[in-house]
Amino acid sequence: MDAKKKSHIVVWGNAKGGVGKSTLALHFALQCMYEKLSVACFDADGDQGTLFRSIENRRQYCKQQNFSLPVPEIVRFCPSAYETAELSIKALDLLLQTLENFDVIVIDTQGSDTPLGRYVHQKSSVLVSPITESPLDLDLFVNIREIQEQSHLTLPFGSYAHMVWEQRLNKASQAQEHLEWVVVRNRISHQISRTQLHMEKILKSLAPRVGFHIGPSIGDRSIFRELFSYGLTVMDRDGLTTLAHITARQEIKSMTQYILSLLKKNKY
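What follows is the structure, encoded as structure tokens:
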């Protein structure tokens, strides 16, 4: 990417916690670094600090094991340190300005709807929202009490989709820029079920109406969680040649390439 252009901000967001935002954000950041992009990570959920701790653990692991692995710059931002949302937003902007020389800024967000979270969504070039196979995740996109094939096209937006829609309009009016939104199905079971097929069908029908792309999916693999606690990723372990590891690496590469292609298409 052209270093003279402004940084590309990729936000990992969802109004629900426990969907794998931090894990996928780390894998995306490291895959970008392996593709020779300069990357800074910004933990906007610094009070919990999941992404921050993982990267610090990576730094310590490399030092202890005498490994030479890429380690992204990491900024920890704690919203609770500010008395008002307005002050936290101003502080966040100042910190983001210090990262403008990086090709990509990866932001991990809180799993809740807050004024700061809305502002971070508005700042994104690409918003990535992981969801699991749970219908509760889907309910954030469209209000579905009972998933029915014949009714989902006319149901109102869910709370999260409505918030993203508002921030998309704000970004367009204030910066004359488009916000691309990608939904990544995460922790997909290897055994195809009726629920899985039904969720996939509904997402495909909702995508053009709600305004998101469906990115490459990520399987339910314990290796992601096992490595994350050390700040490691499946891309760091080239010596692992089992089918599961090869597939996991390819899933992350496919997801990363998909997101980067949206940045290039829109010439951010």
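When we follow full-length UniProt numbering, the leftmost residue of the sequence shown carries the number 1, and every step to the right adds one. Note that beta-carbon positions come from the ideal geometry of N, C-alpha and C, so glycine has one too.
Assigned exposure category for residue i - 16 Cβ within 10 Å defines buried
i	result
residue 74	buried
residue 121	buried
residue 81	exposed
residue 67	exposed
residue 129	buried
residue 261	exposed
residue 251	buried
residue 190	exposed
residue 156	exposed
residue 115	exposed
Residue i - containing alpha helix (DSSP H), residue span
i	result
residue 115	115 to 123
residue 141	It is not in any alpha helix (DSSP H) - residue 141 carries neither H nor E in the DSSP assignment.
residue 164	159 to 175
Simplified DSSP assignment, three categories, for residue i
i	result
residue 194	helix
residue 251	helix
residue 108	strand
residue 103	coil
residue 134	coil
residue 178	coil
Those residues which DSSP pairs with residue i across a bridge
i	result
residue 129	183
residue 259	According to DSSP, residue 259 bridges with nothing at all.
residue 188	219
Can you give, in chain order, each stretch of the alpha helix (DSSP H) that sits fully within the segment 48 to 99 and has at least 4 residues? Taken in chain order, the complete alpha helix (DSSP H) segments of 4 residues or longer contained in the segment 48 to 99 are 50 to 65, 85 to 97.
- Every unbroken alpha helix (DSSP H) inside the segment 198 to 231 [4 residues or more]: Restricted to the segment 198 to 231, the alpha helix (DSSP H) segments that are unbroken, complete and at least 4 residues in length are 222 to 228, listed in chain order.
Run through the segment 3 to 47 for me and flag every whole beta strand (DSSP E) of 3 or more residues, listed as ranges in chain order.
Runs found: 8 to 12, 39 to 43.
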